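Asks: Sequential numbering of the first sequence, starting at 695, is according to this note's numbering.
Attaching a single structure in structure tokens format; questions to follow.
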Amino acid sequence: MSEVAVTLPDGSQRNLDAGATSLDLAAAIGSRLAKDALAATVNGELVDLDRPLESGATVSIVTPASDTGREVLRHSTAHVLAQAVTRLWPGAHFAIGPAIADGFYYDFELPGNGSFSDDDLPRIEAEMRKIIAEDQPFTRSEHSFAEGLELFKSQPYKVEIIKAVQAGGSDEDHHEVGTSTSVSAYSNNPNFVDLCRGPHVPRTSRLGHFKLMRVAGAYWRGSEKNPMLQRIYGTAWESEKALSAHLEQLEQAIARDHRKLGRELDLFSFPSELGPGLAVFHPKGGTMRRVMEEYSRQRHEAAGYEFVYTPHITKSELFERSGHLDWYADGMYPPMELDEGQKYYLKPMNCPFHVLIFKANPRSFRELPLRMFEFGSVYRYEKSGVVHGLTRVRGMTQDDAHIFCTREQMGDELTSLLNFVLSLLRDFGLNDFYLELSTRPAEKAVGSLEEWEEAESTLARVATEAGLQLVMDPGGGAFYGPKISVQARDAIGRTHQMSTIQLDFQLPQRFELEYVATSNDRTRPIMIHRALFGSVERFMAVLIEHYAGNLPTWLNPEQVRVLGVRNDHDEYAFEIVSALKARGIRASLDFANEPLGGRIRNAKQEKIPYILVVGDEDVSGRTVGVNARGSNDPERGINLATFIERVVAEVANHGSPELHGA
RNA sequence: GCCGGUGUGGCGCAGUGGUAGCGCAACUGAUUUGUAAUCAGUAGGUCGUGGGUUCAACCCCCACCGCCGGCUCCA
């Protein structure tokens, strides 16, 4: 009998009987592995366990507790979902159902254009558990296009995918079908077959640690021109433990939600009288924001920026010339019409204003790089369904700056800019970054190819030199220039796009910007747009969620609260508050009108970094009792002057009581 | 903009046809308290808005608005 020889991930060789499958290989390695195996990777391709192996292949067995393993079981769970829905809604059409981060979804079209409600989820889930209990096999089959069209004739979306692949198709379509020359399908039983590349788990009994999460509408093929399908999202994991850990993490994320914390900590609100996406900052949120802005200004000044101010409205002429009205009119508030039909727009961008400042005087190379900074409030008419807390608003303030420099200065300028960006973000307590480079879009782009290439390679070099992971986003740049964006991971591992650094070939051209070079020639400058916070509102939201509301001392609206044990200690408490205020610390006094425990509880709920309790011993010894946030163990008898120095130092170095221990 | 859900005092919630209740917060009084809730009392809501059905609507129907979850979009 002939044999097949395969190589394992550790480099070792195994010989198997001819016709052996990955499952046989797993069994040869160990019974435990055979039991765990879900699929296999053969020469880098993910395949079913029952696919026969060929000699010379490199094979690794995919088990549930791995990224690929979870992907396989999520995808298979999506098939079970589709089967359950077709059982409960005979005649339902199903479209696509991929694995996604943490789970899967499947898109359906219900008979009579029906839709799911949240109440349907438990029924569907119960049906899915039945299918899993039935222990159905996943069986792969391959068909010609003609057979495929026949097989799926009652499933119009599947037919559309097959036809698209037949006609050349996109990568996405090929992904569904499997190859560009045939149609791959998986059936669980005679009544359920789905178009699919696979692979899948061998049998439905391998699934089960899942939960359906929500229903949602989703456009077919992601285009709003297409009909809207009914999507069901679910999450699926390799074990009950992993599932509950994930659900637990979702709970945590809800507890950190800046909209909830913003209300609880009395930072800001969205009065419905103002309209969606328009926030007001209450005194506490205003304090946090002011501290953020003041610090930002201070850093920008030190980095050589100059401060400019521009109005919130402008005649249409400006945005006609900049081109914004051509491309983004939908995203702008409609114009105000004044006498003689003159149109004024609320500004959605600051850049054309800064461009006008550049143009206000003849410029010399000696003035470059010219860096103009503004906290510029802009207004964008975001579509009604997209506004979200402080992260997607209709009125926001960008920490916007535009740098005008020579082509020769571009590299150095970008290098120092990126360092500046990262340094500022770190000062706010974000430490885990990666960079994304968005390059020239294939279709439309202004500027010469050489300009793009130079700009992109400069950005890439600067990014690489920063020593951070660089993710390419090919074709993701705006049509007027490439950009680098800084992505930050927060305390629970979510990523947020923070700063963007964008080159612009368009505006200098449209506004005919020029400076007089050393050669006495008039030369077009390079323009760099950049925002570090992005918007102050959004950055606040990210910080609130990152810290779960436990803002570091320097950003906290209230830094110290002083409580006398009895009200005959209030006088000493007041003295402490005054001493703290004299050193610039935001402190307040809570009079002893209710028991200490209650007052401590209130202060804790407000997430104030330091609660000072003072009683008889403290009055006589000029000391304080320090209850630091995050500690269960109050410190007694701390010298008042020592404590004040400690808080002052903590504010100066942007620390937090949690970082010291107690 | 599209799909689905939802809307009750400042906040969190109960109330599925007979003109609204709880907790917290607020206010008043008492209490003087050493590290996460002192006690008592008072006040506060045309139940998102506008129509409709009904003898009667927080409750059923329609429209609009806001909010939530997605989709699309995000200069």
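Glycine residues also receive a C-beta, built at the ideal position from the N, C-alpha and C atoms.
Keep in mind that this is a model prediction, so the values were computed, not measured.
1) Would you tell me roughly how many angstroms separate the C-alpha atoms of GLU1150 and ASP813, rounded to the nearest one?
2) With a CB to CB cut of under 7 Å and the five nearest residues on each side skipped, what residues in its chain are close to ARG781?
3) Could you name the residues that DSSP lists as bridge partners for VAL1362?
4) Compare the Cα-Cα distances from LEU1207 to each of TYR1304, VAL1156, PRO1056, GLU1130 and report the closest residue.
5) Name the residue from LEU972, PHE1098, PRO965 whose alpha carbon lies nearest to the alpha carbon of ARG1065.
6) Give the list of continuous alpha helix (DSSP H) stretches no shorter than 4 residues that lie fully inside the segment 1036-1069.
7) Which residues mark the beginning and the end of the alpha helix (DSSP H) in which VAL1318 is found?
8) Provide the residue(s) that pair with ASP711 in DSSP beta bridges, ordered along the chain.
9) Considering only DSSP beta bridges, list what ALA879 is partnered with.
10) Near PRO1351, what residues of its chain come up, given a Cβ to Cβ distance below 8 Å and the 5 sequence neighbours on each side ignored?
11) At the level of alpha carbons, what is the spacing between ARG908 and TYR927?
12) Between the segment 874-894 and the segment 910-923, can you find at least three pairs of beta-carbon atoms closer than 8 Å?
13) Going by CA-CA distance only, name the one from ASP796, VAL779, GLU748 that's closest to GLY808.
14) Decide yes or no for the touch test of the segment 1306-1323 against the segment 1332-1348: beta carbon pairs closer than 8 Å, at least 3 of them.
15) How do the segment 1196-1206 and the segment 1037-1054 stand: do at least 3 beta-carbon pairs fall below 8 Å, yes or no?
16) For ALA1211, which residues of its own chain have a beta-carbon under 8 Å away from its beta-carbon, when the five flanking residues on both sides are left out?
17) Could you give the residue range of the alpha helix (DSSP H) that holds THR981?
18) Starting from TRP1227, trace the beta strand (DSSP E) both ways and give me its first and last residue.
19) Do PRO893 and LEU743 have their C-beta atoms closer together than 9 Å?
20) Is ASP814 helix, strand or coil when you go by DSSP?
21) Under three-state DSSP, which class holds GLY654?
22) Tell me, which residues are paired with ARG915 by DSSP?
23) Taking the alpha-carbon positions, what's the ILE1270 to SER1282 distance?
24) What alpha helix (DSSP H) runs, 4 residues minimum, are completely inside the segment 1240-1320?
25) In whole angstroms, give me the CA-to-CA distance for ALA1235 and LEU1084.
26) LEU767: which of ASP1215, PRO792, PHE788, LEU845 sits nearest, CA to CA?
27) Given that a residue counts as buried once 16 or more other Cβ atoms are within 10 Å of its Cβ, and exposed if not, what is ASN1360?
28) Please classify MET822: does DSSP put it in a helix, a strand, or coil?
29) Would the beta-carbon of LEU732 fall within 9 Å of that of PRO896?
30) To which residues of the same chain is PRO1176 closer than 8 Å at the C-beta, ignoring the five residues directly before and after it?
31) To the nearest angstrom, how far is the alpha carbon of ASP1284 from that of ALA1267?
32) What's the call for ASN1347, buried or exposed, on a 16-neighbour Cβ count within 10 Å?
33) Determine the contact status of ALA673 and ALA720, defining contact as a CB-CB distance below 9 Å.
34) Output yes or no for whether 9 Å exceeds the beta carbon distance between GLY1228 and THR1194.
35) Consult DSSP for GLU1144 and reduce its assignment to one of helix, strand or coil.
36) Hey, would you say GLU1231 sits closer than 9 Å to ALA997, going by beta carbons?
Replies: Taking the structure as given:
1) 51 Å
2) GLU821
3) Only positions 695 to 1356 of the chain appear in the structure, and residue 1362 is not among them; the question remains open.
4) PRO1056
5) PHE1098
6) 1045-1053
7) Careful: VAL1318 lies outside any alpha helix (DSSP H), inside the beta strand (DSSP E) at 1317-1322.
8) GLU697
9) SER835, LEU889
10) THR1247, PRO1303, TYR1304, ALA1322, ARG1323, GLY1324, SER1325, GLU1344
11) 5 Å
12) no
13) VAL779
14) yes
15) yes
16) PHE1059, THR1100, THR1217
17) 977-996
18) The sequence shown places Phe at residue 1227, rather than the Trp named in the question. Residues 1220-1229.
19) yes
20) helix
21) It is not possible to answer for residue 654, since the shown part of the chain is limited to 695 through 1356.
22) Answer is none; ARG915 lacks a bridge partner.
23) 9 Å
24) 1264-1276, 1290-1299, 1310-1315
25) 6 Å
26) PRO792
27) No statement about residue 1360 is possible, as the shown extent of the chain runs from 695 to 1356 and does not include it.
28) helix
29) yes
30) LEU1131, SER1132, THR1133, ARG1134, TRP1146, ALA1149, GLU1150, LEU1153, GLN1196, LEU1197
31) 9 Å
32) exposed
33) The structure shown has nothing for residue 673, since the chain only spans 695 to 1356.
34) yes
35) helix
36) no
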